[in-house]
Amino acid sequence: MSPPQRLAVNRLRESLPLDGPAIDRFVTRFGSPIIEGERATFLYRGDVDEAWVRHRVVGLPDPLPLKRIGESDLWSVTTVLPEGSRVEYQIEIRKGEHYERFNDPLNSRLAHSPMGSSSVCAAIGYRVPEWALFDPEARPGTLVEEQIRSKALRRDQPVQIYLPARFNSAQRYPLLIVHDGTDYLQFAAMKTVLDNLIHRLDVDPLVAVFVPPRDRLKEYPHHAPHARFIARELVPLLNDRLPLIDTPEARCLMGSSFGGVASLSTAVRYPGYFGSLLLQSASLVFTDIGFDHGGGPAFDPVVKFVNRYRQRPTAVVDRIFMTCGVYEPLITPNRSMVPVFRHTGMRVRYVESRDGHNWENWRDRLGDGLSWLFPGPQKFVYE
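The numbers in UniProt numbering rise by one with no breaks, and the one at position 60 of the sequence shown is 60.
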C-alpha cells in the first residue's frame, strides 16, 4: 500500500517564507476548497486579523477557525468531509472591530435559497443528479398561474399548476400538492425534475400544484384554516377543473422543513383523504423526551402538535417518504419519527444524505421520493 499523499497546503507550508507570486500560483491552481480524499481544505486570502468558515454542519465546530500560513496573507483549515458529502458555507473575517461575512471569493460554486446564496463544498463522490439538470430531449410540461379565492384563508391564494407534457383531458392523473411551491420551483428546479423523471418513465405523468404561503410561520405549524383550504377548497376545485384520479391513494402532500409539518398536520386533520406524504427535513420537533426544543417561539405550535401526535399516533395516509440530511439539527427528531409512523401501519421509506438543511439537498432526493410514490413504467420493482 502506497503512503497517503501529503496535502497540497502542507506542501505549500514547506516553501515558507511565501511571496505573493507563489500564493497566486497556488490559489490559481487549486482554488478553494481543495478536496483530497476525505479531506477538505478551505482557504482565504486577505490582510485580516481572524478568519473563519461558517456553516451549519452538526458535529463540526462553527465557526471553524482558519489559521494564517506563516507570515503570508493566506489562511487555511483542513477538516474531514466523508465521501458523498455536500456542505454550504460562507467566510467570516475580522479586521480590528469590523466583522464581515460573505461567500468564498475563491469558490465560484454557489447555492441559492430565499435567504440568499452560499458557497458549496462538494466532497469526492457527490454529483448533481442528471435528472435535476435541463435535458433538451425531455418534453416540457406547462406551468399555469392562477388565483384561487379562499374562504378558509380569507384571501386570494396564488398557485401554479403543473400539467405534464402531452397532457390529455381524456386521461386521469394523480395529484401532488407542494408546500413552499414557489421555492421548490425556484431553488429545487422542480419543474425540470418533473419533466425529466416523467420523460425517463421513472415517474408517472402527474398534475402538481405549487402553493406558496403568505405567513409561513403562522400557516404551516398545524393551522386549521390552511388545512381546510388544501382539503376542502383546493382539491375539490382541481377535481372540478382537471381530469384527476379522485381517490385518496392518488393524492400526495409534500413539503420541506415547516412545509413538512404542514403536510403532516393537514393529513392528520383529514385522515384518509390523502394517500401519501413526501416529507423533507420536516421540522417535527417534540419535547416528550426532553424539555428544550431549541427552536424558539416559532416552534411552540409545532412542538404542541408533534407531542400530541406522538402520544396517540394514528395512520393518516398509506405511505410516507421521508428524507433528512445527517448534517442538520433535525436529523434526530426525523429518525425518531420513523418508528412512530411505522407503528401505526403506514409504510415508510426513510432516506438520509450527507447534506444539510437546504434546497439542493431536497432537490437531490426528489428522484427517489417521487419514483416511489408515483412509480412510472421503468420502476418494475418497488416496495
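Even for Gly, the Cβ is constructed at its ideal location relative to N, Cα and C.
E328 counts as buried, since no fewer than 16 other beta carbons sit within 10 angstroms of its beta carbon. When the Cα atoms are used, E146 and F187 turn out to be separated by approximately 21 Å.
A direct Cα-Cα distance of roughly 10 Å separates S150 from P158. Using a Cβ distance threshold of 8 Å, R139 and R166 count as a contacting pair.
It is roughly 12 Å from the alpha-carbon of C324 to the alpha-carbon of G255.
The secondary-structure analysis by DSSP pairs E50 across a beta bridge with R94. Note that the segment 68-81 does not touch the segment 96-110; fewer than 3 beta-carbon pairs, one per stretch, sit closer than 8 Å.
Partner residues in the beta bridge of S76, as assigned by DSSP, are L43, K67. Closest in alpha carbon position to I245, among E83, E50, A170, is A170. The segment 259-266 and the segment 215-224 touch, with no fewer than 3 CB-CB distances between them shorter than 8 Å. Contact annotation: R94 and E50 have beta-carbon atoms nearer than 8 Å.
Rounded to the nearest angstrom, the gap between the Cα atoms of Y270 and V193 is 29 Å. Within the same chain, A8 come within 7 Å of F30 by CB-CB distance, once the 5 residues on both sides are set aside. Under the rule that a run must span 4 or more residues, the alpha helix (DSSP H) segments found entirely inside the segment 203-284 read 216-219, 224-228, 235-241, 258-269. If you ignore the 5 residues before and after P301, its C-beta comes within less than 7 Å of the C-beta of P221, H222, all in its own chain and listed in chain order. With a cut-off of 8 Å on Cβ pairs, the segment 111-118 is not in contact with the segment 59-72, counting fewer than three such pairs. A Cβ-Cβ contact shorter than 8 Å links S353 with N361.
In the DSSP assignment, S371 falls outside any beta strand (DSSP E) and within the unbroken alpha helix (DSSP H) covering 366-373.
Per DSSP, S150 is not a residue of any alpha helix (DSSP H); the beta strand (DSSP E) it occupies stretches across 142-150. Separation of V48 and T266 (C-alpha to C-alpha, rounded to the nearest whole angstrom) is 51 Å. Inter-residue distance for P61 and G356 is about 15 Å (C-alpha atoms, whole angstroms).
For P33, the closest C-alpha among the options Y89, A152, D288, D364 is that of Y89.
Of the residues G20, L175, V203, the one whose Cα lies closest to the Cα of G46 is G20. Straight through space, the alpha carbons of V316 and R349 are spaced by roughly 16 Å.
Around the beta carbon of L133, fewer than 16 other beta carbons lie within 10 angstroms, which makes this residue exposed. Looking at F286, Q5, H226, V27, the one whose alpha-carbon comes closest to that of R308 is F286. L279 is not a Cβ neighbour of M346, given a cutoff of 8 Å. Linking M190 to L12 through their CA atoms gives a straight-line distance of about 43 Å.
For S85 against Y44, the beta-carbon gap comes to about 21 Å, at or over 8 Å, which does not count as contact. Contact annotation, L175 with F210: C-beta distance approximately 12 Å; criterion of less than 8 Å not satisfied.
The Cβ atoms of S283 and F299 sit closer than 8 Å to each other. For S336, the enclosing alpha helix (DSSP H) begins and ends at 331-343.
For F274 and R39, the gap between their C-alpha atoms comes out near 45 Å. For T314, the three-state secondary structure derived from DSSP is coil. Rounded to whole angstroms, D156 and I148 show a C-alpha spacing of 5 Å.
Shown here, Y327 sits in coil according to DSSP, grouped into three states, outside any helix or strand.
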